[in-house]
Amino acid sequence: AMEMALFDIVGQASGLPVAELLGGRCRDDIPLSFSVADPDVDRDMEMVKRLYGEGLRLFKMKTGFAGHAADLKRMERFRKELPADAELRIDYNQGMVTHDAIRQLRDVEAFKPTFIEQPVPGHHRAALAEITRALDTPVLADESVFTPTDALQVAAGRMADLVSIKIMKHGGMLAARKVSAICEAAGIACYGGDMFETGIAHLAGTHVIAATPNISLGCEFYQAKYFLERDLLAEPFPIENGRVVVPRTPGLGVKVDEDRVKHYAVETLK
Numbered sequence: 086a087m088e089m090a091l092f093d094i095v096g097q098a099s100g101l102p103v104a105e106l107l108g109g110r111c112r113d114d115i116p117l118s119f120s121v122a123d124p125d126v127d128r129d130m131e132m133v134k135r136l137y138g139e140g141l142r143l144f145k146m147k148t149g150f151a152g153h154a155a156d157l158k159r160m161e162r163f164r165k166e167l168p169a170d171a172e173l174r175i176d177y178n179q180g181m182v183t184h185d186a187i188r189q190l191r192d193v194e195a196f197k198p199t200f201i202e203q204p205v206p207g208h209h210r211a212a213l214a215e216i217t218r219a220l221d222t223p224v225l226a227d228e229s230v231f232t233p234t235d236a237l238q239v240a241a242g243r244m245a246d247l248v249s250i251k252i253m254k255h256g257g258m259l260a261a262r263k264v265s266a267i268c269e270a271a272g273i274a275c276y277g278g279d280m281f282e283t284g285i286a287h288l289a290g291t292h293v294i295a296a297t298p299n300i301s302l303g304c305e306f307y308q309a310k311y312f313l314e315r316d317l318l319a320e321p322f323p324i325e326n327g328r329v330v331v332p333r334t335p336g337l338g339v340k341v342d343e344d345r346v347k348h349y350a351v352e353t354l355k
């Protein structure tokens, strides 16, 4: 949070958006990915269709909590009920039993997901590498990569094809850029993840992605708009036609609702 605030201060003082402070923007907007995780499949599908109508095309299905057969049925419904340009991504959140993973994931590949995210526990890197080698579908590492050292190990061992970048997970905006740079050097593309954040953190992540070519697989900055009853932003987080719009105003491009900050504050530091 302190790093975000300092970048915002420097940006406002210099009249530059944070993306320019990070080296310059390489994109003006970012495709938004929405995570599909409701145990009620009918309700989930209704939501996905509504979001598709709003312009979203990237959907990440959370799997591994309802059983393999139920997961496959959910994927089948997605493919049957959504147009062909709706992109399916799969996230197991470390939920697979290692000795079953490859066999079950070959079933999943029939539904042509763009990637399969962290099928096994993060510390089971040897197993992750075996899965990556066995599948045609790209495997994305999330919990296996926290630090730059983790990224170097995963890249050197070709343990994954892709990596999820999260500011909170890596310890800040600059730390996230270090991880992405290591991945880029190894030819590993990255995805802009998050850890259920407010609009302020979403905007920080937006500027990082806007200035980092290798984070090219979209972002999942949807919680501020679609889930939070009251965000800390004075204006809605900028999403248009299924894409996050990168602010062009100085700093993070954020106006904070001071009354909401006071309402939710637990301590004031002076």
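Following the working numbering, the numbering of the sequence shown begins with 86 at its first residue and continues without gaps. Where is the CB? At the ideal position from N, CA and C, for every residue including glycine. All of these numbers come straight from a predicted model, not from anything done at the bench.
Quick check: the Cα distance between residue i and residue j, rounded to an integer number of angstroms?
i, j, result
"Gly152", "Gly109", "45 Å"
"Ala212", "Val329", "35 Å"
"Phe144", "Val121", "7 Å"
"Ile276", "Asp113", "One point to set straight first is that residue 276 is Tyr, not Ile, in the sequence displayed. Taking the straight line from one Cα to the other gives about 16 Å."
"Ile201", "Arg174", "6 Å"
"Leu288", "Val339", "8 Å"
"Ser229", "Gly303", "20 Å"
"Met146", "Gly290", "22 Å"
"Glu105", "His292", "8 Å"
"Asp246", "Val193", "17 Å"
"Glu325", "Glu166", "24 Å"
"Thr334", "Gly100", "8 Å"
"Arg162", "Ile285", "35 Å"
"Ile250", "Ala350", "28 Å"
"Thr222", "Glu305", "20 Å"
"Ile300", "Met258", "13 Å"
"Ala195", "Gly327", "26 Å"
"Leu136", "Met130", "10 Å"
Mind reading off the beta-carbon distance from residue i to residue j? Whole number of angstroms is fine, and I expect it under 8 Å.
i, j, result
"Pro206", "Ile216", "That pair is no contact at about 12 Å."
"Val103", "Gly336", "6 Å"
"Arg159", "Val126", "6 Å"
"Cys268", "Ala236", "6 Å"
"Glu172", "Thr199", "5 Å"
"Ala295", "Val331", "4 Å"
Nearest to residue i by alpha carbon, out of the options?
i, options, result
"Met244", "Leu317, Leu225, Lys254 and Gln97", "Leu225"
"Lys254", "Glu343, Glu269, Ala90 and Asp279", "Asp279"
"Thr283", "Gly100, Phe119, Tyr307 and Ile115", "Tyr307"
"Val264", "Met89, Ala286 and Val239", "Val239"
"Arg262", "Pro233, Phe281 and Ile285", "Pro233"
"Asp227", "Met89, Met87 and Val248", "Val248"
Which partner residues does residue i have in the DSSP bridge list?
i, result
"Lys145", "Ser120 and Arg174"
"Val248", "Ala226 and Cys275"
"Ile324", "Val329"
"Val341", "Leu318"
"Pro102", "Gly336"
Over what stretch of residues does the alpha helix (DSSP H) that includes residue i continue unbroken?
i, result
"Cys111", "From DSSP, Cys111 is part of no alpha helix (DSSP H); its letter is neither H nor E."
"Arg159", "His153 to Glu166"
"Val330", "Here Val330 belongs to no alpha helix (DSSP H); instead the beta strand (DSSP E) covers Arg328 to Val330."
"Gly207", "Taken as a continuous stretch (DSSP letters only), Gly207 belongs to no alpha helix (DSSP H), as it is neither H nor E."
"Gln203", "Careful: Gln203 lies outside any alpha helix (DSSP H) and carries neither H nor E."
Where do the ends of the beta strand (DSSP E) carrying residue i lie?
i, result
"Leu225", "Val224 to Ala226"
"Gly303", "Ile300 to Cys304"
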